[in-house]
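Residue 118 in numbering that gives the first Met the number 0 is what sits at position 119 of the sequence shown, and the numbering runs on without skipping anything.
Don't be surprised by glycine CBs; every beta carbon is placed ideally from N, CA and C.
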Amino acid sequence: MKQKLNSIFSFLQENRCYNKVVQENFYLSAINPLEKTENKVIKLLYDIANTQSQPKIDKLATFFKKICEEAHTLKTFKGFLSKFSKNPDLSFKNLYESLRIQSGWGNKTAALFVKTIFHLHNGYYKSELKIWEDAPKKIEKSDDFYLPVDAVIIAVFKKIAPDKNWNFNLVTNEIKKYFKGEEIEVWDDLWFWGFITQKGGGTNRIFEWNENKYWMMKESEKDPSRILEIKCKANNFIELLSK
Numbered sequence: 000m001k002q003k004l005n006s007i008f009s010f011l012q013e014n015r016c017y018n019k020v021v022q023e024n025f026y027l028s029a030i031n032p033l034e035k036t037e038n039k040v041i042k043l044l045y046d047i048a049n050t051q052s053q054p055k056i057d058k059l060a061t062f063f064k065k066i067c068e069e070a071h072t073l074k075t076f077k078g079f080l081s082k083f084s085k086n087p088d089l090s091f092k093n094l095y096e097s098l099r100i101q102s103g104w105g106n107k108t109a110a111l112f113v114k115t116i117f118h119l120h121n122g123y124y125k126s127e128l129k130i131w132e133d134a135p136k137k138i139e140k141s142d143d144f145y146l147p148v149d150a151v152i153i154a155v156f157k158k159i160a161p162d163k164n165w166n167f168n169l170v171t172n173e174i175k176k177y178f179k180g181e182e183i184e185v186w187d188d189l190w191f192w193g194f195i196t197q198k199g200g201g202t203n204r205i206f207e208w209n210e211n212k213y214w215m216m217k218e219s220e221k222d223p224s225r226i227l228e229i230k231c232k233a234n235n236f237i238e239l240l241s242k
């Protein structure tokens, strides 16, 4: 298992540029049109909550009522955390632990928001995306980070090791056996490659290049030569999973 994960990690590390374009385009379209920090935060929360396949609308409504009360507190990372946690630690771990237990959220969606906040502030994305001056810019050794594990990523792990009953916690624990901190963030690219190489749903997913899924990502690059390049990389990824 370790050898297979190391091979996949190397592939993800070498090909970061493709998903970065998608991620950055999403962030730019999501928050750049807005001026106020608190509105950017609320917009991100709505966009990320709506990535759930079956959002718990009644519970999420309760959450958003709470988040919109005294919205001025959202102007800082510290202020945002203070709405959910008595822990003063300005860390990604505290952000994740505080958000995942909120009404309608859960592990995957909280991890996705935390990943987004890291991207906006880590210096690898456009500087105008930064929303909080006091947000951490790197993942310290004392901090922790979680992969937003969903059905796409679980399907990848089932392809790697079909004998295990993969879920959020099992995938998280397996990755954390061998990778730490910002290495775990590299694994976030697994969703991009998994999404464009899967057809079907549930437990009946076939791994092959899915150009239709690629085209349905509005943030993806549409240049024909770039798509061909990504297709070749996607086929390399599938071969890697099958070894």
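Simplified DSSP state of residue i, which is helix, strand or coil
| i | result |
| --- | --- |
| I205 | strand |
| G198 | Reading off the sequence, residue 198 comes out as Lys, not Gly. K198 falls in the strand class under three-state DSSP. |
| W165 | coil |
| V148 | coil |
| M216 | coil |
| E96 | helix |
| N47 | A small fix is needed here, since residue 47 is Ile in this sequence, not Asn. Reduced to three states, the DSSP call for I47 is helix. |
| T75 | coil |
| Q12 | helix |
| F91 | helix |
| G193 | helix |
Cα-Cα separation between residue i and residue j, rounded to whole angstroms
| i | j | result |
| --- | --- | --- |
| M0 | N168 | 17 Å |
| V40 | E184 | 21 Å |
| S6 | L239 | 8 Å |
| R99 | M216 | 26 Å |
| A233 | V170 | 22 Å |
| F25 | L73 | 21 Å |
| E220 | I226 | 7 Å |
| E181 | F236 | 21 Å |
| N211 | S28 | 22 Å |
| I153 | N31 | 32 Å |
Range covered by the alpha helix (DSSP H) that runs through residue i
| i | result |
| --- | --- |
| F178 | Premise fails: F178 is in no alpha helix (DSSP H) and is neither H nor E. |
| L240 | P223 to S241 |
| F25 | R15 to I30 |
| D57 | I56 to C67 |
| K140 | K140 -> no alpha helix (DSSP H), and no H or E assigned at all. |
| A109 | N106 to H120 |
Whole-angstrom C-beta distance between residue j and residue i, which should lie under 8 Å
| i | j | result |
| --- | --- | --- |
| S97 | S84 | 4 Å |
| W104 | F62 | 7 Å |
Proximity test, Cβ basis, 9 Å: residue i and chain C
| i | result |
| --- | --- |
| K77 | Chain labels in this structure do not include chain C; a single protein chain is all it has. |
Between the stretch 160 to 177 and the stretch 199 to 213, are three or more C-beta pairs nearer than 8 Å?
-> Between the stretch 160 to 177 and the stretch 199 to 213, the count of Cβ pairs shorter than 8 Å is below three; the stretches do not touch.
Contact the stretch 105 to 123 vs the stretch 42 to 62: 3+ CB pairs below 8 Å = Result yes; three or more Cβ-Cβ pairs closer than 8 Å.
Just checking, does the stretch 15 to 26 make contact with the stretch 53 to 63 on the three C-beta pairs under 8 Å criterion?
-> The stretch 15 to 26 makes no contact with the stretch 53 to 63; the number of CB pairs closer than 8 Å stays below 3.
Are at least three pairs of beta-carbons, each pair with one atom in the stretch 123 to 131 and one in the stretch 149 to 166, less than 8 Å apart?
-> With the cut-off at 8 Å, the stretch 123 to 131 and the stretch 149 to 166 do not touch.
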